[in-house]
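Below is one structure, written out as structure tokens, with a few remarks after it.
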Amino acid sequence: MAAIDPEISELKRQVASLQVEVAELKKMAGWWHQFSSTALPIIITIAIAVWAAVATQSSRFQDIASRFESLERRIERLEQNQAETNQRLAHIEEMLRRSEQQRQ
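With this note's numbering as the guide, the letters of the sequence shown map in order to residues 9 to 112.
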């Protein structure tokens, strides 16, 4: 019986140690359950909202950039048309000047 007592004492010590570990694991599980049921959905919702906002802003930025490029092309065409019109006007003025010189 004397040999059994140390084994029983050791087993009791191990059981007590395991009980402490189980209690700690239960606390951690309770914390995780509380976190996953309250804060985690909020964090996920915020992350999705931020992602959607960034995606929307990126799309808007691309749309605005596309519009600016379109405006730049229009301005270039207008400038080209204006240059052509100025050349025609200069040619017409030159013809008018020549015709006036011929009349005199």
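The beta carbon of each residue, even a glycine, is placed where N, CA and C say it ideally should be. All values derive from a computational prediction rather than experimental measurement.
Would you report the Cα separation of residue i and residue j, rounded to the nearest angstrom?
| i | j | result |
| --- | --- | --- |
| Gln42 | Ala55 | 19 Å |
| Gln109 | Asn94 | 22 Å |
| Glu15 | Trp40 | 37 Å |
| Ile83 | Gln90 | 10 Å |
| Trp59 | Arg75 | 24 Å |
| Ser66 | Pro49 | 25 Å |
| Lys34 | Ile12 | 32 Å |
| Arg68 | Ala61 | 10 Å |
| Gln22 | Gly38 | 24 Å |
| Arg81 | Ile52 | 43 Å |
| Met36 | Ile72 | 50 Å |
| Ile100 | Arg111 | 16 Å |
| Arg105 | Glu87 | 26 Å |
| Ser25 | Ser44 | 28 Å |
| Thr64 | Ala47 | 25 Å |
Using C-beta distances below 6 Å, list every residue in its chain close to residue i, excluding the 5 sequence neighbours before and after it, in chain order.
| i | result |
| --- | --- |
| Glu102 | none |
For residue i, which residues from the same chain have a beta carbon less than 8 Å from its beta carbon, with the 5 sequence-adjacent residues on both sides left out?
| i | result |
| --- | --- |
| Glu29 | none |
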